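The block underneath contains the structure these notes are about, expressed in structure tokens.
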Amino acid sequence: MPQTNLFFNQDHSYPELVDFPEIFSQRTKVIYLNVGSLAPRLAIVFDTLNIWNKYVEKYTPTSEVISSVIQPCENQLYGSIVRKIQNDTWEGSEYLRNSISNYIGIQKPENIVFLTNTSRAIEIVLEAIRPTYVVTTDHEHESQKQFFSIIKNRHNTQIMPVEVVKEKWKDDINESKESFTRRFIQEVIEDYSGRLEKEVFVVFLSHVCSSTGWVLPVEDICRKIKDHNPNITIVIDGAHAVGNIEVNISNLACDYYIFCGHKWLFGSPSLGILVFNNKNFKKNLIIAEEVHEFLALSPQFLDSAMKCHSIGSREISYFKNFKSTICLSPLISLTITLDEFHTDISREHIRNNMRSINEYLCRKISEIPEYIVYENVYFPSSPGIFILQYKTCRDQDTALSSLVTDLESKNIIVKKVLSPSLGYCIRICIPFYIRFNDLKRIYDAFYECRIPKTTIS
Numbered sequence: 006m007p008q009t010n011l012f013f014n015q016d017h018s019y020p021e022l023v024d025f026p027e028i029f030s031q032r033t034k035v036i037y038l039n040v041g042s043l044a045p046r047l048a049i050v051f052d053t054l055n056i057w058n059k060y061v062e063k064y065t066p067t068s069e070v071i072s073s074v075i076q077p078c079e080n081q082l083y084g085s086i087v088r089k090i091q092n093d094t095w096e097g098s099e100y101l102r103n104s105i106s107n108y109i110g111i112q113k114p115e116n117i118v119f120l121t122n123t124s125r126a127i128e129i130v131l132e133a134i135r136p137t138y139v140v141t142t143d144h145e146h147e148s149q150k151q152f153f154s155i156i157k158n159r160h161n162t163q164i165m166p167v168e169v170v171k172e173k174w175k176d177d178i179n180e181s182k183e184s185f186t187r188r189f190i191q192e193v194i195e196d197y198s199g200r201l202e203k204e205v206f207v208v209f210l211s212h213v214c215s216s217t218g219w220v221l222p223v224e225d226i227c228r229k230i231k232d233h234n235p236n237i238t239i240v241i242d243g244a245h246a247v248g249n250i251e252v253n254i255s256n257l258a259c260d261y262y263i264f265c266g267h268k269w270l271f272g273s274p275s276l277g278i279l280v281f282n283n284k285n286f287k288k289n290l291i292i293a294e295e296v297h298e299f300l301a302l303s304p305q306f307l308d309s310a311m312k313c314h315s316i317g318s319r320e321i322s323y324f325k326n327f328k329s330t331i332c333l334s335p336l337i338s339l340t341i342t343l344d345e346f347h348t349d350i351s352r353e354h355i356r357n358n359m360r361s362i363n364e365y366l367c368r369k370i371s372e373i374p375e376y377i378v379y380e381n382v383y384f385p386s387s388p389g390i391f392i393l394q395y396k397t398c399r400d401q402d403t404a405l406s407s408l409v410t411d412l413e414s415k416n417i418i419v420k421k422v423l424s425p426s427l428g429y430c431i432r433i434c435i436p437f438y439i440r441f442n443d444l445k446r447i448y449d450a451f452y453e454c455r456i457p458k459t460t461i462s
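Reading the sequence shown from the start, the letters are residues 6 to 462 in my numbering.
Take a look at the structure:
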């Protein structure tokens with residue numbers, strides 16, 4: 006349980022933060038302002054993985070047993086050991102499905118599919134559906150843009166990106182949201198309404214834009230599209246949403262919601278979560294046939310698949326024989342972070358910290374004349390992300406690349422991103438566990454790097 010330690014200076018200019026003193030195995034000098042695979046991992050994750058490894062070692066047969074599998078008694082022993090570990094991992098994966106369902110409002114835990122990452126899950130969905138048209142935005146993650154190019158060449162899919170920002174409504178967030186929603190709906194409903202009945206049509210949206218942290222009005226867009234035509238397939242990329250903003254999938258009229266376990270949930274990398282958020286079992290079954298990973302699918306889903314009269318013996322045989330295994334470490338780490346860390350109380354502490362730190366850093370860095378900070382510009386910003394640029398620099402690309410390097414030399418990690426609406430920016434991802442000294446270091450580092458360098462030696 007976190008302890009409340011209030012960090013104030015004498016004039017009360019620093020935010021009130023909840024301290025999480027024991028969550029890391031060690032306090033590193035590096036401050037990660039970038040959510041990714043290299044961000045710090047919770048100490049409880051490492052402790053749990055060590056316990057799991059010792060458990061596996063306890064039940065793993067010795068080399069002598071493995072080498073003598075030709076003997077019936079030893080072969081039987083080996084098989085029983087494998088079955089025990091497999092049964093335990095099946096039970097663990099089902100427990101995690103229930104934890105995820107409680108966290109983000111999934112009505113059927115068996116509709117959760119575990120895969121290696123978000124991009125892999127998106128690839129499986131689109132490859133299985135093989136859409137004729139994909140309406141998306143110009144602010145999608147680079148990996149999705151690359152895959153759009155692949156399916157365009159592979160299946161002759163037409164990719165139609167809608168500009169997130171067209172009119173400059175940055176002083177009126179509601180007007181920006183309404184403008185984008187109106188244009189996106191028009192692209193889907195009006196421009197392609199004549200093709201919907203005979204073509205495979207997919208809408209693909211990010212819940213939170215990875216480059217800017219903007220929260221898009223996906224709930225409103227999904228509802229209006231489904232009201233017009235329920236046969237349109239809607240896929241939502243929630244990689245930067247779950248753990249960053251409040252997500253309740255039961256309120257989203259999408260067919261598939263995809264996110265990961267390591268960005269804002271602080272589990273281990275290499276875990277993508279695909280949620281079947283519809284009642285079209287046949288369509289979900291087509292996608293499930295593309296899944297090759299052991300433990301990826303719930304036993305309840307497999308039972309339903311094998312009892313479904315619409316599938317034949319080939320599909321039943323397929324589901325009984327998985328082609329590969331999924332890595333267990335990310336499953337175990339996400340289970341423990343949801344159980345022990347993302348409790349109702351801690352979740353509120355985490356989000357309050359993120360909001361307070363975000364507000365403080367935006368205000369302080371905005372006071373440095375050479376920077377311009379974008380927060381709640383065009384769209385609402387998520388509490389965990391804001392972006393900035395040099396105010397008067399013409400060559401933002403070069404100057405911000407230099408800024409990234411200079412900040413790294415001060416042990417502060419940020420990422421340069423490209424926003425189609427704003428150009429090159431520095432993205433700041435807010436770590437909830439940050440402390441008073443960290444805030445001072447961040448501000449001092451940005452102040453020392455305030456003069457843009459337009460040439461890199």
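Cβ atoms here follow ideal geometry from the backbone N, Cα and C, with glycine treated the same way.
Nothing here was measured: the structure is a model prediction, and the numbers come from that model.
- According to the DSSP secondary-structure assignment, residue 138 is paired through a beta bridge with 163, 206.
- Residue 238 carries a strand assignment under DSSP once its states are collapsed to helix, strand and coil.
- For residue 223, there is no enclosing beta strand (DSSP E); the enclosing alpha helix (DSSP H) covers residues 223-233.
- If you draw a straight line from the Cα of residue 287 to the Cα of residue 306, it comes to about 12 Å.
- Shown here for residue 229: same chain residues with a beta carbon closer than 7 Å to its own, the five before and five after excluded, namely 190 in chain order.
- Contact check for residue 246 and residue 213: beta-carbon distance about 4 Å, within the 8 Å limit, so the pair qualifies.
- Bounds of the beta strand (DSSP E) holding residue 420 are 420-424.
- Taking the CA atoms as reference points, residue 95 sits about 23 Å from residue 261.
- Here residue 219 is bridged, per DSSP, to 386.
- Shown here, residue 367 sits in a helix according to DSSP, grouped into three states.
- Residue pairing from DSSP places residue 394 in a beta bridge opposite 377.
- Judged by DSSP in its simplified three-state form, residue 437 adopts coil rather than helix or strand.
- Collapsing the DSSP output to three states places residue 264 in a strand.
- Counting along the chain, residue 178 sits inside the alpha helix (DSSP H) bounded by residues 178-190.
- Residues of the same chain with a CB within less than 8 Å of the CB of residue 270, apart from the 5 flanking positions on each side, are 247, 248, 339, 342, 343, 347 in chain order.
- Cβ-Cβ separation between residue 373 and residue 38: approximately 16 Å, too far for a contact (criterion under 8 Å).
- Taking C-beta atoms as the reference points, residue 242 and residue 263 count as a pair closer than 8 Å.
- Looking at the backbone, the Cα of residue 368 and that of residue 380 are separated by about 10 Å.
- Excluding sequence positions up to five before and after residue 98, its CB lies within less than 8 Å of the CB of 119, 300, 303, 336, all in the same chain and listed in chain order.
- For residue 449, there are no CB contacts under 7 Å within the same chain when 5 residues up- and downstream are skipped.
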